[in-house]
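In what follows, a structure is listed as C-alpha cells, so that the remarks can point back to it.
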Amino acid sequence: MRATAEHLEPYRRWRMTYRSDGRDLAGFWLAPDADGPHPALVFNHGSIGFGPASLPGLQVLVALGYAVFAPIRRGHNDEPGPYWLDLVPAPWGSPEMGRQLVAALRGELVDVLAAVDWVAARPEVDAGRIVVAGSSFGGVLTVLALSEPAPLCAGISFAGPSMSWPDAPALQAELLAAAASGTAPLFLAQAFNDHSLQPTYAIGAELARHGRPHETRVYPAIGDDPMTGHGIFATGLDLWRVDVERFLARWV
C-alpha cells in the first residue's frame, strides 16, 4: 500500500522542511536530549513511502546518541514531485524498465543528498560524523549515496533491492558500480526469508573485491512470508540492534 500524508501523523511533532531540486519537502528530525554536537544519521524510507512502523527503529538509533533525519523524497506521502512508479511505465522485468528504474532512483538520490546537506548545516550536528541508512529502496539509495562526493562516513542498507534485483539488471550494474567506487564502510542486512538474498551476496562480494570495509549479515527468517522478512528494519530490531551499534561505534 502506498503511504500518504496521513501515515506521517505519528511524526508530526518532529516535522521539518528541507529544500531539494526546487521543492520544499517534509522531513522528520529526532534528536537526543543531550547537548550536541551529535553524530547524525539520514534514514531513507522504502518504495511505498514513510510510515509509523519505522518509528521504533529510529528511536533505537536516537538512543545510541544519533540525531536522526528521515526525509520524505519527491512524490512519496503526497509530497510534491513525481512518484517513482509513474516514471517506470515499461513492462516489469524488461531492459527499459531497469533503465527507467535507475533514472527514477537517481532523481530520488538528489533528495537524499540534499537531506545530507541539510543535516550537515545544523549547528547541533558533528558534520564529520554523518551516516546514511535506509530500508528497501532506501537501502538502494544508501549504497548509491556512498558513491557520491557527500560528507558521509558510513552506511547501513536494510533489505536493499531484494524485490527488484532479479528483474532489473540495470539496477544491479548501478549498485555494483557504486560498491566499487565508494570508500565508506557499509553494513548490509537482510532476513533469510527476504525476497532475494542476492543483493547482499553480490554487493558484499564486490565490496570485498575492492577491499572496502563492510559487513554482510543474513539474519534468521522473520515471520512466515517474504514481506515480513523484507521489513527487517521494523520487524527485526532485536536481530540487528547490537550489530548496528557495534558497527557504528567502530566507524563513526
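So that you can map any letter, position 52 of the sequence shown is 52 in the UniProt record's numbering, and since no number is skipped, the others follow by simple counting.
Ideal placement from N, C-alpha and C gives every residue a C-beta, glycine not left out.
Item to check | Closest by C-alpha distance to D126, when choosing among T183, G229, C153 | outcome: Residue numbering aside, residue 126 sits at position 126 when the sequence shown is read from its first letter. The residue with the shortest Cα to Cα distance from D126 is C153.
Checklist entry - When we look at the beta-carbon of R74 and count the other beta-carbons within 10 Å, is it buried (16 or more) or exposed? => result Mapped onto the sequence shown, residue 74 falls at position 74. Answer is buried; the Cβ neighbour count reaches 16.
Checklist entry - The beta strand (DSSP E) spanning L186 covers which residue range? => result Here the question's residue 186 lines up with position 186 in the sequence shown. Note, L186: beta strand (DSSP E), 186 to 191.
Checklist entry - How many Å lie between A177 and P169 at the Cα? => result As a first step, residue 177 is located in the sequence shown; it is residue number 177 there, counting from the start. As a first step, residue 169 is located in the sequence shown; it is residue number 169 there, counting from the start. The alpha-carbon atoms of A177 and P169 are separated by roughly 12 Å.
Checklist entry - Under the three-state reduction of DSSP, which class applies to F247: helix, strand or coil? => result For the purposes of this step, residue 247 is identified with residue 247 of the sequence shown, where counting begins at 1. Helix.
Checklist entry - Can you name, in chain order, every residue of its own chain whose Cβ lies under 7 Å from the Cβ of E124, other than the five neighbours on each side? => result In the sequence shown, residue 124 corresponds to position 124, counting from 1. Hits under 7 Å: A31, G36, P37, H38, A67.
Next on the checklist: If you follow the alpha helix (DSSP H) that D167 is in, where does it begin and where does it stop?
Outcome noted: The count along the sequence shown starts at 1 and reaches residue 167 at position 167. Careful: D167 lies outside any alpha helix (DSSP H) and carries neither H nor E.
Checklist entry - So who's on the other strand from S135, going by DSSP bridges? => result Within the sequence shown, the letter at position 135 stands for residue 135. S135 is bridged to F158.
Checklist entry - How should S94 be labelled, buried or exposed, when 16 other C-beta atoms within 10 angstroms of its C-beta is the threshold for buried? => result Translated into positions along the sequence shown, residue 94 becomes position 94. By the C-beta density criterion, S94 is exposed, having fewer than 16 other C-beta atoms within 10 angstroms.
Checklist entry - DSSP three-state call for R74: helix, strand or coil? => result Position 74 of the sequence shown, counted from the first residue, corresponds to residue 74. Reduced to three states, the DSSP call for R74 is coil.
Next on the checklist: Quick check on P39: does DSSP put it in helix, strand or coil?
Outcome noted: Counting from one through the sequence shown, the residue named residue 39 turns up at place 39. In this structure, P39 counts as strand in the three-state DSSP scheme.
Checklist entry - What does a CB cutoff of less than 8 Å around I232 pick up in its chain, not counting 5 residues either side in sequence? => result For the purposes of this step, residue 232 is taken as the residue at position 232 of the sequence shown. Cβ neighbours of I232 beyond the five flanking positions: S135, F158, A159, A189, Q190, A191, D194, Y219, I222, L239, W240.
Next on the checklist: Do L25 and residue 275 count as a contact pair if the criterion is CB distance below 8 Å?
Outcome noted: Given that the chain is displayed from residue 1 to residue 252, the structure contains no residue 275 and the question cannot be resolved.
Checklist entry - Leaving out five residues before and five after A179 in sequence, what residues of the same chain have Cβ atoms less than 6 Å from its Cβ? => result Taking the sequence shown and counting its residues from 1, the one referred to as residue 179 is at position 179. Cβ neighbours of A179 beyond the five flanking positions: I203, E206, L207.
Next on the checklist: Helix, strand or coil, according to DSSP, for R4 in the structure here?
Outcome noted: In the sequence shown, counting from the first residue as 1, residue 4 sits at position 4. Rather than Arg, the amino acid found at residue 4 in this sequence is Thr. Coil, per DSSP.
Checklist entry - What are the complete alpha helix (DSSP H) segments, minimum 4 residues, inside the segment 82 to 127? => result 95 to 120
Checklist entry - Would H7 be called buried (16 or more neighbouring beta carbons within 10 Å of its own) or exposed? => result Here residue 7 refers to the residue found at position 7 when the sequence shown is read from its first residue. Buried, because 16 or more other Cβ atoms sit within 10 Å of the Cβ of H7.
Next on the checklist: So, for D86: in the same chain, excluding its five sequence neighbours on each side, which residues have a beta-carbon less than 8 Å away from its beta-carbon?
Outcome noted: In the sequence shown, the residue the question calls residue 86 occupies position 86. G75, listed in sequence order.
Checklist entry - Closest by CA to W251, which one among T200, I156, R217, E174? => result Within the sequence shown, the letter at position 251 stands for residue 251. W251 has its Cα closest to that of I156, out of T200, I156, R217, E174.
Checklist entry - Just to confirm, are S47 and W84 a CB contact at a threshold of 8 Å? => result On the sequence shown, residue 47 is found 47 positions in, with the first residue counted as 1. On the sequence shown, residue 84 is found 84 positions in, with the first residue counted as 1. A contact, by the Cβ cut-off of 8 Å.
Checklist entry - Name the DSSP beta bridge partners of F28, please? => result The residue you call residue 28 lines up with position 28 of the sequence shown. Answer by DSSP bridge pairing, in chain order: R15, A70.
Item to check | residue 254 versus D225 - alpha carbon distance | outcome: No information on residue 254 is available, as it lies outside the stretch 1 to 252 that the chain covers here.
Checklist entry - Alpha carbon to alpha carbon, how far is E215 from V143? => result By 1-based counting over the sequence shown, the position of residue 215 is 215. By 1-based counting over the sequence shown, the position of residue 143 is 143. Cα-Cα distance, rounded: 13 Å.
Checklist entry - With DSSP run on the structure shown, which of helix, strand or coil describes S47? => result Residue 47 sits at position 47 when you count from the first residue of the sequence shown. Three-state result, S47: coil.
Checklist entry - Considering only residues of the segment 184 to 237, which uninterrupted alpha helix (DSSP H) runs meet the minimum length of 4 residues and lie entirely inside it, listed in chain order? => result DSSP assignment within the segment 184 to 237 yields the following whole alpha helix (DSSP H) runs of 4 residues or more, N-terminal first: 198 to 209, 226 to 230, 232 to 235.
Item to check | Residue burial classification, E9 (beta-carbon count within 10 angstroms, cutoff 16) | outcome: For the purposes of this step, residue 9 is identified with residue 9 of the sequence shown, where counting begins at 1. Exposed, by the Cβ-count rule.
Checklist entry - Looking at the structure shown, is S20 part of a helix, part of a strand, or coil, going by DSSP? => result What you label residue 20 is simply residue 20 of the sequence shown in a count that begins at 1. Note: S20 maps to strand in three-state DSSP.
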